[in-house]
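Just below is one structure, and these are the notes that go with it.
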Amino acid sequence: MFFNKDLVLASIKAVGEDHAIVQYQDKEVEVNLSPEEAKEFHQYVVHQENMLVPMNIKTQKLFVDLEEPWYEQELEELKGISYQEEEDDNE
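Numbering (this note's numbering), first residue to last: 17 to 107.
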């Protein structure tokens, strides 16, 4: 899922009854949610230990999978970035 150029990890800024405000790449976006999507999203926010959500930037669709919660400390994509920044700082 994370290898698609249209997918990003968005930071959840605010959660409303039928919308969410997320930020990615210095852009803040309001995503409107259907009643079903809102219910799933609210459950997602309650069960996640972080405030990141995968999002398709073209369709502005949030991906909220409650089956398998993930943690940003365990994502290989983010680990690589963190290690790369540490190496750059040491040079």
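The beta carbon of each residue, even a glycine, is placed where N, CA and C say it ideally should be.
In three-state DSSP terms, what is residue i?
i     : result
Val16 : A question about residue 16 goes unanswered here, because the residues of the chain that appear run from 17 up to 107.
Glu65 : coil
Lys74 : coil
Classify residue i as buried or exposed, calling it buried when 16 or more other Cβ atoms lie within 10 Å of its own Cβ.
i     : result
Val62 : exposed
Phe79 : exposed
Ala26 : buried
Met67 : exposed
Ala36 : buried
Ser98 : Here the model assigns Ser98 a pLDDT of 47, short of 50, so the residue's position is not dependable, and the following value carries that caveat. It counts as exposed.
For the beta strand (DSSP E) holding residue i, just list the boundary residues, first then last.
i     : result
Lys21 : That residue, Lys21, is in no beta strand (DSSP E); it is neither H nor E in DSSP.
Val45 : 43 to 48
Consider the C-beta atom of residue i and the heavy atoms of the ligand ADP; say whether any pair is separated by less than 8 Å.
i     : result
Val62 : Within the structure as shown, the ligand ADP is missing, as the structure has no ligands at all.
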